[in-house]
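Residue numbers (my numbering): 46 to 299.
To keep things clear, I will list the structure first and then write my remarks on it.
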């Protein structure tokens, strides 16, 4: 099995160095033991304004498995799509992404890969049995997450309890087919990705993970909430006979 691990990075100079080192050493060990055939880590820098690039270039000198892409356009989804397209240029059989802050540590990441089974994709979940979140999230964070998940389930009829966890892996064939269909690259990117997977009959597994959130305050929930809601509505319209109305929402979700 050859694995491509995409890490989107926006101003992550303080955290990504440690993440890259831990991931490379962990998967190098798996390669030595012949548990995996090979792996690569693709760091996608999106509109960084700090020294993230310098940190990544330093890591590249120590680990040949690391490469990077740079984009001036912001947005986690845009970065991940860029990473998907780059990974497809090679022969990896499994392609996925994790966050730059090491919230999903290498062991938890590998746990996903091991438990893919006969599915086309596997998504980490913080809200199903046997999942662990350390430290426990704040009450406001839990409420916001549950409201968002309720909207996703109600509007898009998706069964997953956690669409936003930043660790997901898919078989190459699924990624190749889905990329042209993704139309949202910001707040609802993960939802759009999973929605298109289900719509095109790919089988996904939601799997409990160990999650160590490094920075709860990075997203302003008051500012992001309305945009995330509109993004879900936009996605619903994009996939309905009323998709012409989507222009009304473009200014809010781009």
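From the three backbone atoms N, C-alpha and C, an ideal C-beta is built for every residue, glycine too.
All values reported here derive from a predicted model rather than from experimental measurement.
Cβ-based neighbour list, residue i, same chain, cut-off 7 Å, excluding 5 preceding and 5 following
{"i": "residue 274", "result": "196"}
{"i": "residue 222", "result": "245"}
{"i": "residue 247", "result": "165, 166 and 219"}
{"i": "residue 149", "result": "143, 169, 211, 212, 254 and 256"}
Residue i - containing alpha helix (DSSP H), residue span
{"i": "residue 58", "result": "Run containing residue 58: none; DSSP gives neither H nor E here."}
{"i": "residue 130", "result": "121 to 132"}
{"i": "residue 240", "result": "234 to 244"}
{"i": "residue 155", "result": "151 to 159"}
{"i": "residue 193", "result": "184 to 201"}
{"i": "residue 213", "result": "Per DSSP, residue 213 belongs to no alpha helix (DSSP H); it is in the beta strand (DSSP E), 213 to 216."}
{"i": "residue 104", "result": "97 to 107"}
Anticipated Cβ contact below 8 Å, residue i with residue j, distance rounded
{"i": "residue 137", "j": "residue 217", "result": "6 Å"}
{"i": "residue 277", "j": "residue 179", "result": "Actually they do not touch by this definition, with Cβ atoms about 29 Å apart."}
{"i": "residue 282", "j": "residue 212", "result": "Actually they do not touch by this definition, with Cβ atoms about 29 Å apart."}
{"i": "residue 91", "j": "residue 116", "result": "5 Å"}
{"i": "residue 72", "j": "residue 151", "result": "7 Å"}
{"i": "residue 279", "j": "residue 229", "result": "7 Å"}
{"i": "residue 56", "j": "residue 118", "result": "Between residue 118 and residue 56 the Cβ distance is about 15 Å, and since that is not below 8 Å, they are no contact."}
Boundaries of the beta strand (DSSP E) in which residue i is found, first to last residue
{"i": "residue 91", "result": "83 to 91"}
{"i": "residue 114", "result": "111 to 116"}
{"i": "residue 170", "result": "166 to 170"}
{"i": "residue 47", "result": "47 to 54"}
{"i": "residue 227", "result": "No beta strand (DSSP E) contains residue 227, which DSSP labels as neither H nor E."}
{"i": "residue 253", "result": "249 to 253"}
{"i": "residue 141", "result": "139 to 142"}
Backbone CA spacing between residue i and residue j [nearest angstrom]
{"i": "residue 101", "j": "residue 220", "result": "25 Å"}
{"i": "residue 236", "j": "residue 79", "result": "34 Å"}
{"i": "residue 226", "j": "residue 124", "result": "16 Å"}
{"i": "residue 300", "j": "residue 61", "result": "The displayed coordinates of the chain run from 46 to 299. Any statement about residue 300 would go beyond what the structure contains."}
{"i": "residue 191", "j": "residue 106", "result": "42 Å"}
{"i": "residue 169", "j": "residue 120", "result": "21 Å"}
{"i": "residue 154", "j": "residue 50", "result": "10 Å"}
{"i": "residue 234", "j": "residue 74", "result": "32 Å"}
{"i": "residue 205", "j": "residue 64", "result": "27 Å"}
{"i": "residue 114", "j": "residue 202", "result": "35 Å"}
{"i": "residue 172", "j": "residue 194", "result": "10 Å"}
{"i": "residue 174", "j": "residue 242", "result": "24 Å"}
{"i": "residue 77", "j": "residue 70", "result": "10 Å"}
Pair within 8 Å by beta-carbon distance, residue i and residue j
{"i": "residue 110", "j": "residue 84", "result": "yes"}
{"i": "residue 127", "j": "residue 89", "result": "yes"}
{"i": "residue 253", "j": "residue 176", "result": "yes"}
{"i": "residue 129", "j": "residue 52", "result": "no"}
{"i": "residue 47", "j": "residue 82", "result": "yes"}
{"i": "residue 214", "j": "residue 166", "result": "yes"}
{"i": "residue 13", "j": "residue 97", "result": "In the structure as shown, the chain begins at 46 and stops at 299. Residue 13 is therefore absent and cannot be evaluated."}
{"i": "residue 87", "j": "residue 112", "result": "yes"}
{"i": "residue 208", "j": "residue 161", "result": "no"}
Chain-order list of residues whose beta-carbon lies under 6 Å from that of residue i (same chain, five-residue window excluded)
{"i": "residue 262", "result": "Since pLDDT at residue 262 reaches only 46, below the 50 mark, its modelled position is unreliable, and no value is offered."}
{"i": "residue 284", "result": "none"}
{"i": "residue 255", "result": "153 and 177"}
Same chain, Cβ closer than 8 Å to residue i, neighbours up to 5 away in sequence not counted
{"i": "residue 99", "result": "58"}
Near the ligand COA: residue i beta-carbon under 7 Å from a heavy atom
{"i": "residue 254", "result": "The model depicted lacks the ligand COA and carries no ligand whatsoever."}
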